[in-house]
Each structure stands twice: as structure tokens, then as C-alpha cells.
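When you read off a place in the sequence shown, starting at 1, and then add 8, the result is the number in this note's numbering.
What follows is a single structure, written as C-alpha cells, with notes after it.
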Amino acid sequence: MSEEIVDHIRNNSQAPVFFVCEHASSFIPECFNELGLVDPARSSHIAWDPGAEAVTRILADRFNAPAVISRISRLVYDCNRPPDAIDAVPQKSEIFEVPGNKNLSGAQITNRVENYYLPFKRTLEEAIEEHQVAPMLVTIHSFTPVYRGQKRDVEIGLLHDDDSRVVDAMLNSIAGYQEFNIRRNEPYGPSDGVTHTIRLHGVEKGLLNVMIEVRNDLLTCHKDCTSIADTLESLISAALGQLAKDKTTEAVVL
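As C-alpha cells, this is what we get:
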């Protein structure tokens, strides 16, 4: 099952960064009858993060780094949510009702957890454990430019939970020359319950971590995705360099 719904690329790499994409696909297995949805809802941002997989793969190639990518729609199970989260199997997403997720029994929820969340979680855990160096964990997402009728001006969000080291370093590196509107913990933050992956697999393991959100109107084609990847590559490289320098300085002081 895990081989069908999780893609683990470049698993032998020992790069200093490790990429994750939890919402790469809008795929809904046939057994769920499209969850009762029709287009445009079924292929819209409520089902996946458009452009996120392309950016993840470009960055993984650039850094010769591993990546773990979910192949299942977040409407079937949101792999960036723990099993006890109310929106792990959402009955409603933004303005769209999800008929196939309503009135589910405990056994049906457990089935989703066992078949879709746990294989993803195990694959990611094992992949990180196989890494011989402690990598920076980077999760890639995209978000809609208009949410519940409200336009979002932020273009790239750099999200963190308790550990802000990577975001601090990234923001320090862009002072004075922002090509994009880049903000901390926007359009979401820890209070929105979106930091599950970086908290479970990053913060709790002592790994450097960051969740990156890109507005999806900036990811409409491969050229756009490459342009965004250029910016993210620069931010990630700057953070890796700064944090390595800080660690070296700290060691000298001690």
C-alpha cells in the first residue's frame, strides 16, 4: 500500500536538507466514488496543493536531496494532520462540503488512518532515520490567492512552530531585496494546526525545520515553478550557511 500512495525519491542521498510534500496529489481512490464531489471542487486547491510537487522535485534535484511525497488527496486523509485532528478527514473544506466524509464511523476513520496516514508517517520516519547527517526538514505547500472571498497579499509564507531558527535565518537573508512578498507564519501559523509534520518529524527530533507556503497563482506552469524554486533555493542555501556559521561560532565560544 505504501508504495502506491507514498513516493520516496533519492533515498540514498545524504544531503543537508530533506524535502516533504504532503499535499502533492488530488488523487482519490476509486473506492471513495470521488467523495461525492464534482469539478471544480474535486480538482481545486481543497483537494491538493497545486504546484507544490513540481517545486519539491525541482528543489530535491537542485540539492541532490531526498524527498517524501504523498500520492493521495488531502480530502481522503490530510497527511499534515494527526489522527485526532477534526480536519484530518475534512467534512468541509473552505466553502465546499465533502459528502463522502460525512457521518463516517470510527472504523471508517481508522481505515483512513491505517491505509493513508500511517504509511506516509512510517516512510518519512524511516527515511529520516536512514539519513546519516541531521538534515534540515523542509515541507512545501501552496495556498489559494483568495480564501473565503478575501484576497491574500502574501506570496511566500515561511512557517515555524516552537523552533524559528530556519525562518529567522531566511528572513535575515532577504532584508532589503525582496522580489516576493515574504512573511513569517502567513497565511497560516501554528494556531491553525498546520505545523504537524514539522513539529512531529522536525521539532521533536531536534532537526532544523521550516514549512514553506507559496501562493498557487505563482505556480501555474513549469517556468513559474522553476522561478519560485530559484528563490526558495537561495533562501534555503542562505539559511544552511548562516546556521552552520552560527554553530561553528558557538562551538568556538564554548
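C-beta atoms are modelled at their ideal positions from N, C-alpha and C, and glycine is treated no differently.
Measuring alpha carbon to alpha carbon, tell me which residue in the options is nearest residue i.
| i | options | result |
| --- | --- | --- |
| residue 13 | 23, 32, 26 | 32 |
| residue 25 | 148, 37, 97 | 148 |
| residue 206 | 21, 84, 172, 181 | 172 |
| residue 56 | 188, 30, 112, 122 | 30 |
| residue 145 | 163, 159, 199, 175 | 175 |
| residue 103 | 113, 133, 86, 155 | 155 |
| residue 199 | 93, 28, 126, 133 | 93 |
| residue 40 | 159, 27, 119 | 119 |
| residue 230 | 61, 126, 96, 46 | 61 |
| residue 134 | 16, 48, 255, 98 | 16 |
| residue 27 | 125, 254, 219 | 219 |
Taking a contact to mean a Cβ-Cβ separation below 8 Å, would you say residue i touches residue j in this structure?
| i | j | result |
| --- | --- | --- |
| residue 80 | residue 64 | no |
| residue 251 | residue 59 | no |
| residue 131 | residue 187 | no |
| residue 167 | residue 193 | yes |
| residue 177 | residue 246 | yes |
| residue 221 | residue 164 | yes |
For residue i, which residues of its own chain have a beta-carbon under 6 Å away from its beta-carbon, when the five flanking residues on both sides are left out?
| i | result |
| --- | --- |
| residue 91 | 121 |
| residue 101 | 54 |
| residue 202 | 196 |
| residue 49 | 104 |
| residue 243 | 178 |
Residues in the same chain with beta-carbon distance under 7 Å from residue i, minus the five sequence neighbours each way, listed in chain order, please.
| i | result |
| --- | --- |
| residue 21 | 72, 73, 74 |
| residue 43 | 36, 83, 106, 107, 108, 109 |
| residue 241 | 67, 70 |
| residue 211 | 169, 170, 171, 217 |
| residue 142 | 215 |
| residue 234 | 66 |
| residue 232 | 226 |
| residue 264 | This structure does not reach residue 264, given that the chain is present from 9 up to 262, and the question cannot be answered. |
| residue 158 | none |
| residue 112 | 97 |
Under 8 Å by Cβ, that's how I've got residue i and residue j pegged, so tell me the actual separation to the nearest angstrom.
| i | j | result |
| --- | --- | --- |
| residue 151 | residue 195 | 6 Å |
| residue 209 | residue 136 | 6 Å |
| residue 123 | residue 204 | Not confirmed; about 18 Å, so no contact. |
Leaving out the 5 sequence neighbours to the left and right, which residues in its chain are closer than 8 Å to residue i when beta-carbon positions are compared?
| i | result |
| --- | --- |
| residue 248 | 24, 25, 144 |
| residue 161 | 189 |
| residue 51 | 34 |
| residue 191 | 162, 164, 165, 166 |
| residue 262 | A caution first: residue 262 carries a pLDDT of 34, below 50, which makes its placement in the model unreliable, though a value can still be read off. So no residue of the chain qualifies. |
| residue 99 | 105, 106, 109, 110 |
| residue 19 | 74, 135, 138 |
| residue 86 | 30, 31, 93, 95, 96, 97, 98 |
| residue 153 | 159, 160, 223, 224, 225 |
Kindly indicate if chain C contains any beta-carbon less than 8 Å away from that of residue i.
| i | result |
| --- | --- |
| residue 177 | Among the chains of the structure shown, chain C does not appear; only one protein chain is present. |
Strictly by DSSP, which residues pair up with residue i?
| i | result |
| --- | --- |
| residue 75 | 17, 27 |
| residue 178 | According to DSSP, which records beta bridges pairwise, residue 178 is partnered with nothing at all. |
| residue 165 | 191, 221 |
| residue 7 | For residue 7 there is no data in the structure shown, the boundaries of the chain being 9 and 262. |
| residue 155 | 158 |
| residue 105 | 100 |
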